[in-house]
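Engineer: Got a structure here, written out as structure tokens. Questions coming.
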Amino acid sequence: MWQNQPVKRPTRTLRVTFTALAALITTLGAPGCGTDGRIVALPSIDQVPKPTFITRPQDLADSPQLAALVARDTAGLPPTSEPAKGSLLPEALAALAAIDSPPTRLTRLSIYADSVYFNFNEGGVAGRSVSAVYRLAYESDPDQTPDFSVSDPTFGDYAEFSIASLDPMVPGELAAALADRYPLAAARSIDLDLGLSYGFGLVWNISLDDASGTFATVYADLDGSIIAIDQR
Amino acid sequence: MLTNPAAILLAVILVLLPLRACAANRPETIRTGKPAEGLDSITWTAAVANDGRLAIRIDYTFTDDEPRNMDIRLPKGARYLAVNGKPTPADTGVYATATVSRLATITYELPGRVARYSDGAVVQLAGAYGDGDLEFAAQVGSAGIPLRLDGDQAMFVCPRCYLENIGYGDTPVSGAIYAPGAAQAELLFAGLEQPRSQASTGASGQASSEAILFAGVDPGTDAVSMLAVIPASAVPDLARRDGSADDAVMNFRDRFDDPNDVFRNASPPAGKPSSTAAVLLFLLVAGLGLAFVLGWVWNVGTERSARRAADLAGVPGDRGPAISPGNLEAALAGLVVGDRGSGRASVIAATILELARREILTISGSDERRFTLTVPAGATGETTFENAVIAQLRPLGTAPDAPVETVLTGPPLWHTRAPAVTRSLEKALIREGLKQRLVHLNRPLALAAPVSIAMGVVALIGVDGVTIHAWIAIIIGPLLAALALKRSGVSLTAAGKRHRDEWSAYAAVLHRDPELANAAPMSIHELGKPLVYAAALGAAPVAAEALSSTHAVER
Numbered sequence: 080m081w082q083n084q085p086v087k088r089p090t091r092t093l094r095v096t097f098t099a100l101a102a103l104i105t106t107l108g109a110p111g112c113g114t115d116g117r118i119v120a121l122p123s124i125d126q127v128p129k130p131t132f133i134t135r136p137q138d139l140a141d142s143p144q145l146a147a148l149v150a151r152d153t154a155g156l157p158p159t160s161e162p163a164k165g166s167l168l169p170e171a172l173a174a175l176a177a178i179d180s181p182p183t184r185l186t187r188l189s190i191y192a193d194s195v196y197f198n199f200n201e202g203g204v205a206g207r208s209v210s211a212v213y214r215l216a217y218e219s220d221p222d223q224t225p226d227f228s229v230s231d232p233t234f235g236d237y238a239e240f241s242i243a244s245l246d247p248m249v250p251g252e253l254a255a256a257l258a259d260r261y262p263l264a265a266a267r268s269i270d271l272d273l274g275l276s277y278g279f280g281l282v283w284n285i286s287l288d289d290a291s292g293t294f295a296t297v298y299a300d301l302d303g304s305i306i307a308i309d310q311r
Numbered sequence: 236m237l238t239n240p241a242a243i244l245l246a247v248i249l250v251l252l253p254l255r256a257c258a259a260n261r262p263e264t265i266r267t268g269k270p271a272e273g274l275d276s277i278t279w280t281a282a283v284a285n286d287g288r289l290a291i292r293i294d295y296t297f298t299d300d301e302p303r304n305m306d307i308r309l310p311k312g313a314r315y316l317a318v319n320g321k322p323t324p325a326d327t328g329v330y331a332t333a334t335v336s337r338l339a340t341i342t343y344e345l346p347g348r349v350a351r352y353s354d355g356a357v358v359q360l361a362g363a364y365g366d367g368d369l370e371f372a373a374q375v376g377s378a379g380i381p382l383r384l385d386g387d388q389a390m391f392v393c394p395r396c397y398l399e400n401i402g403y404g405d406t407p408v409s410g411a412i413y414a415p416g417a418a419q420a421e422l423l424f425a426g427l428e429q430p431r432s433q434a435s436t437g438a439s440g441q442a443s444s445e446a447i448l449f450a451g452v453d454p455g456t457d458a459v460s461m462l463a464v465i466p467a468s469a470v471p472d473l474a475r476r477d478g479s480a481d482d483a484v485m486n487f488r489d490r491f492d493d494p495n496d497v498f499r500n501a502s503p504p505a506g507k508p509s510s511t512a513a514v515l516l517f518l519l520v521a522g523l524g525l526a527f528v529l530g531w532v533w534n535v536g537t538e539r540s541a542r543r544a545a546d547l548a549g550v551p552g553d554r555g556p557a558i559s560p561g562n563l564e565a566a567l568a569g570l571v572v573g574d575r576g577s578g579r580a581s582v583i584a585a586t587i588l589e590l591a592r593r594e595i596l597t598i599s600g601s602d603e604r605r606f607t608l609t610v611p612a613g614a615t616g617e618t619t620f621e622n623a624v625i626a627q628l629r630p631l632g633t634a635p636d637a638p639v640e641t642v643l644t645g646p647p648l649w650h651t652r653a654p655a656v657t658r659s660l661e662k663a664l665i666r667e668g669l670k671q672r673l674v675h676l677n678r679p680l681a682l683a684a685p686v687s688i689a690m691g692v693v694a695l696i697g698v699d700g701v702t703i704h705a706w707i708a709i710i711i712g713p714l715l716a717a718l719a720l721k722r723s724g725v726s727l728t729a730a731g732k733r734h735r736d737e738w739s740a741y742a743a744v745l746h747r748d749p750e751l752a753n754a755a756p757m758s759i760h761e762l763g764k765p766l767v768y769a770a771a772l773g774a775a776p777v778a779a780e781a782l783s784s785t786h787a788v789e790r
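Sequences listed follow chains A and B, in order.
Under my numbering, residues 80 to 311 are what the first sequence spells out, in order.
Under my numbering, residues 236 to 790 are what the second sequence spells out, in order.
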């Protein structure tokens with residue numbers, strides 16, 4: 080009845096309803112009560128320990144990341160491929176330096192069991208890609224003189240890196256470390272190529288074989304630090 | 236007010252606004268919504284080396300011990316991956332898997348994410364993909380893809396997408412960046428809500444243990460990106476680039492159009508403007524609360540007084556006043572008493588009866604089931620409300636002193652015009668009540684609209700995290716206030732309450748008179764003024780019903 084509205088008083092039911100409604104809304108809406116949310120606090124310094132950096136071990140066979148590499152069971156059989164001879168690199172680089180107009184930058188470096196391949200731009204001209212091979216003498220060769228040859232240029236557009244940035248001893252150390260740690264595996268090739276570095280920057284890419292074939296790739300920084308394992 | 240839904244809703248909005256504002260303003264308080272199922276929290280920590288390398292540790296804490304498969308997606312260039320301390324292989328350096336339970340700790344190093352400038356070094360754990368990203372555009376060509384944040388280059392990838400059995404919801408994220416001078420670091424996050432940060436010099440106080448701590452909420456448990464500016468001296472072995480750190484940050488941020496990619500600054504722990512706003516809101520709500528309590532106490536007091544007065548006046552005993560307590564217009568008596576009476580009441584009926592009593596109009600007929608009401612030409616009342624009633628009795632509801640006679644039969648007296656008559660006379664009675672100072676506007680409700688706007692504005696300009704609620708207060712609040720004011724916009728003045736007590740007591744006496752209770756409208760000349768007041772106070776339901784604009788009125 081309209082004339083009574085200005086002074087209408089709530090009934091008991093309305094009061095109870097309102098009280099319950101207010102309590103419910105306050106409980107649901109007020110922070111910290113009734114909802115399934117959580118309070119998040121800034122951490123104390125003790126709750127967030129400082130991460131540590133991995134340091135290069137003196138002996139690369141002790142590289143912690145090698146623990147990620149699990150040798151397969153090959154019934155004690157040795158790998159079918161010959162291990163890359165990392166120690167060839169110093170003499171191969173010396174042979175490269177002996178050519179006319181030796182390169183200061185490479186586009187690829189690959190070390191195998193008996194050879195080292197260099198790819199570079201002839202005369203530093205981008206696109207004029209040449210391949211130079213340093214190959215050990217065959218056992219049947221009476222002179223036992225390593226062979227070094229340079230191909231004719233072909234077109235190739237590849238990213239370069241500086242030879243001066245290389246430590247020639249590292250591939251040998253890596254090969255020895257892997258042979259020591261995994262006697263039934265062999266580093267079939269040791270490559271240095273930006274295209275094979277998979278976002279790591281410029282790193283050594285080492286393909287590991289066992290008696291069953293290639294089973295892993297080891298990535299190592301230029302100083303030999305083994306940074307990642309890709310195991311199939 | 237308590238019977239007024241609009242007022243109740245408005246009160247709830249206005250109470251919740253400062254509550255939420257205060258909660259949002261407390262710097263140490265970060266609140267999640269519904270937590271992500273399966274994932275309890277993420278802790279992300281990094282240390283910055285002199286050459287800019289980052290050592291990163293991410294702890295995923297699950298809510299159960301169930302073993303779950305974890306697809307680990309690493310940012311490009313991540314090295315030394317380990318899961319729970321165990322070195323782990325990664326396909327092409329970015330994809331790995333592990334089975335974990337309860338806690339998964341991912342650690343790796345990440346070079347190439349810090350750029351040093353003259354004024355600082357930018358730690359960038361954010362990437363972009365789309366046409367605006369040169370590398371991406373080179374890969375896919377111009378595909379018309381807008382620039383978006385790349386989750387794969389973020390602090391961590393979308394946990395919900397790569398971790399098994401993680402539901403959609405909010406996940407708490409906390410962590411730290413360790414770097415010399417980190418106390419001065421500025422952190423900006425994308426995908427992290429309510430970010431907060433705080434400097435820590437570490438337990439030893441050495442620069443090497445200096446860190447900036449942070450926390451926030453990852454809504455939807457998606458990838459979170461970060462840009463941090465640390466002192467340039469933190470990375471002395473890193474080559475310096477041209478430009479400034481601020482420009483580098485701005486250039487990166489400005490490439491994005493999508494509001495979801497906006498970076499938010501992790502606010503310092505004590506935001507002064509927010510505190511001021513919170514205090515203002517608190518004072519506002521405290522003032523309103525005090526006014527409400529005082530009003531309630533006053534109301535209770537006056538009700539008790541009224542009951543005492545009614546007791547003294549003979550209600551419910553036999554000592555009630557036999558004569559009316561004054562010559563207050565019957566309609567106004569009905570206004571002040573309201574529903575304190577019982578039975579059916581109508582101030583319109585009372586006014587018609589009063590006009591009939593003074594022979595300004597006539598009521599004829601045998602009984603209340605069939606009667607004729609005649610309003611002579613030129614009939615006028617003595618009060619504003621009487622004239623308003625007479626005007627409504629005229630065919631067009633206009634001038635009371637129409638030069639023609641109006642004859643109405645009833646019941647029903649008002650037919651289809653009843654609702655319009657009710658609305659019109661309601662306003663007229665309220666106006667008369669205001670004029671006679673028996674009622675006044677309901678001040679708290681009248682203030683509700685400006686208060687609602689003020690609270691919303693204060694919340695908007697000074698408090699973080701209550702924007703939607705504040706907008707509701709600003710826009711919906713005044714509408715609710717207007718509705719509430721319309722519904723219960725007046726309350727009794729002191730004089731009105733005094734009249735209410737007196738007339739309530741008189742109403743109790745009238746209620747005990749069976750002759751009044753059964754009186755038909757045409758009995759007005761026999762029963763006189765008591766019937767007029769009885770109709771207004773609910774003691775003459777038969778007459779009231781017959782003449783009321785609502786006819787069969789139920790109380």
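Ideal Cβ placement from N, Cα and C applies to all residues, glycine included.
Being a predicted model, the structure only gives us computed values, none of them experimental.
Which chain A residues sit within Cβ distance under 7 Å of residue 327(B)?
Structural biologist: Near residue 327(B) (Cβ distances below 7 Å), the residues of chain A are 277, 309.
Engineer: For residue 365(B), name the three-state secondary structure that DSSP assigns.
Structural biologist: In the structure shown, residue 365(B) sits in coil (DSSP, three-state: anything other than H, G, I, E or B).
Engineer: Can you tell me which of 428(B), 302(B), 740(B), 414(B) puts its alpha carbon nearest to the alpha carbon of residue 264(B)?
Structural biologist: Of the listed residues, the one whose Cα sits closest to residue 264(B) is 428(B).
Engineer: Pull up the DSSP beta-bridge partners for residue 673(B), would you.
Structural biologist: Answer by DSSP bridge pairing: none, since residue 673(B) is not bridged.
Engineer: By the DSSP assignment, the alpha helix (DSSP H) with residue 736(B) in it spans what residues?
Structural biologist: Here the alpha helix (DSSP H) through residue 736(B) covers 729-746.
Engineer: Give the single residue among 464(B), 355(B), 686(B), 473(B) whose Cα lies nearest to the Cα of residue 715(B).
Structural biologist: Out of 464(B), 355(B), 686(B), 473(B), 686(B) has the C-alpha closest to the C-alpha of residue 715(B).
Engineer: What are the partner residues of residue 608(B), as DSSP defines its beta bridges?
Structural biologist: In the DSSP output, where bridge partners are listed per residue, residue 608(B) has 598(B), 643(B).
Engineer: Rounded to a whole number of angstroms, what is the C-alpha to C-alpha distance between residue 164(A) and residue 195(A)?
Structural biologist: Each residue's alpha carbon lies about 9 Å from the other.
Engineer: Report the rounded CA-to-CA distance for residue 420(B) versus residue 478(B), giving the unit in angstroms.
Structural biologist: Approximately 18 Å between the Cα atoms of the pair.
Engineer: Per the DSSP calculation, residue 305(B) is bridged to which residue(s)?
Structural biologist: Paired residue(s): 333(B), 398(B).
Engineer: Hey, quick one: how far does the beta strand (DSSP E) through residue 271(A) stretch, first residue to last?
Structural biologist: 265-271 is the extent of the beta strand (DSSP E) around residue 271(A).
Engineer: Measure from the C-beta of residue 197(A) to each C-beta in chain E and report whether the shortest distance is under 8 Å.
Structural biologist: No chain E appears in this structure, whose protein chains are A and B.
Engineer: If distances are taken between C-alpha atoms only, which option among 412(B), 488(B), 476(B) comes closest to residue 436(B)?
Structural biologist: The residue with the shortest Cα to Cα distance from residue 436(B) is 412(B).
Engineer: Counting only Cβ pairs nearer than 8 Å, list the residues of chain A close to residue 288(B).
Structural biologist: Here the neighbours are 132.
Engineer: Which stretch, first to last residue, makes up the alpha helix (DSSP H) that contains residue 121(A)?
Structural biologist: Careful: residue 121(A) lies outside any alpha helix (DSSP H) and carries neither H nor E.
Engineer: For residue 169(A), collect the residues of the same chain with a Cβ closer than 6 Å to its Cβ; drop the 5 residues on either side in sequence, then sort them by chain order.
Structural biologist: Taken in chain order, the residues that qualify are 247.
Engineer: Of the residues that make up the stretch 271-283 of chain B, which ones have a beta carbon closer than 7 Å to any beta carbon in chain A?
Structural biologist: Against chain A - using a Cβ distance shorter than 7 Å - the residues of the stretch 271-283 of chain B are 278, 280, 281, 282.
Engineer: Using 8 Å for Cβ pairs, my map puts residue 119(A) next to residue 409(B). What's the rounded Cβ distance?
Structural biologist: Their Cβ separation, rounded to whole angstroms, is 7 Å, which keeps residue 119(A) and residue 409(B) in contact under 8 Å.
Engineer: Three or more C-beta pairs under 8 Å: does that hold for the stretch 287-296 of chain A against the stretch 204-221 of chain A?
Structural biologist: The answer is no - the stretch 204-221 of chain A does not touch the stretch 287-296 of chain A, with fewer than three Cβ pairs under 8 Å.
Engineer: Quick check on residue 590(B): buried or exposed, where buried means 16 or more other Cβ atoms within 10 Å of its Cβ?
Structural biologist: Residue 590(B) should be labelled buried.
Engineer: Starting from residue 290(B), trace the alpha helix (DSSP H) in both directions and tell me its first and last residue.
Structural biologist: Note, residue 290(B): premise wrong, no alpha helix (DSSP H); beta strand (DSSP E) at 289-297.
Engineer: What in chain B is Cβ-close to residue 164(A), meaning under 7 Å?
Structural biologist: Near residue 164(A) there are no residues of chain B at all, since even the closest Cβ is about 26 Å away, more than 7 Å.
Engineer: Tell me, which residues are paired with residue 460(B) by DSSP?
Structural biologist: Residue 460(B) is bridged to 425(B).
Engineer: What span of residues does the alpha helix (DSSP H) with residue 449(B) cover, start to end?
Structural biologist: Residue 449(B) -> not in any alpha helix (DSSP H); beta strand (DSSP E) instead, spanning 446-453.
Engineer: Can you give the beta carbon distance from residue 492(B) to residue 354(B), rounded, assuming they're within the 8 Å contact cut?
Structural biologist: That pair is no contact at about 27 Å.
Engineer: Per DSSP, which residues does residue 322(B) bridge with? Please list them.
Structural biologist: Partner(s): 317(B).
Engineer: Going along the chain, which residues of the stretch 446-462 of chain B sit with their C-beta nearer than 9 Å to a C-beta in chain A?
Structural biologist: Here the close residues are 446, 448, 449, 450, 451, 452.
Engineer: Relative to the alpha-carbon of residue 321(B), which residue among 148(A), 181(A), 158(A), 137(A) has its alpha-carbon at the smallest distance?
Structural biologist: Checking every option, the nearest Cα to that of residue 321(B) belongs to 148(A).
Engineer: Comparing the C-beta of residue 742(B) with each C-beta of chain A, is any distance below 8 Å?
Structural biologist: Not closer than 8 Å to any Cβ of chain A, the Cβ of residue 742(B) fails to qualify, so no.
Engineer: Flag residue 127(A) as yes if its beta-carbon sits less than 8 Å from any beta-carbon of chain B, otherwise no.
Structural biologist: Judged by the 8 Å Cβ criterion, residue 127(A) is in contact with chain B.
Engineer: Measuring only the C-alpha atoms, how far is residue 394(B) from residue 407(B)?
Structural biologist: Cα to Cα, the separation comes out at about 12 Å.
Engineer: How about residue 315(A): is its C-beta nearer than 8 Å to some C-beta of chain B?
Structural biologist: Since the first residue shown for chain A is 80 and the last is 311, residue 315(A) is missing from the structure and cannot be characterised.
Engineer: For residue 629(B) and chain A, any beta-carbon pair shorter than 8 Å?
Structural biologist: Cβ-Cβ to chain A under 8 Å: no for residue 629(B).
Engineer: Quick check on this structure: which residue in 462(B), 474(B), 466(B) has the alpha carbon closest to the alpha carbon of residue 497(B)?
Structural biologist: For residue 497(B), the nearest C-alpha among the options comes from 462(B).
Engineer: So what does DSSP say about residue 391(B), is it helix, strand or coil?
Structural biologist: Looking at residue 391(B) - three-state DSSP - the assignment turns out to be strand.
Engineer: For residue 344(B), which of helix, strand or coil comes out of DSSP?
Structural biologist: Here residue 344(B) sits in strand by DSSP.
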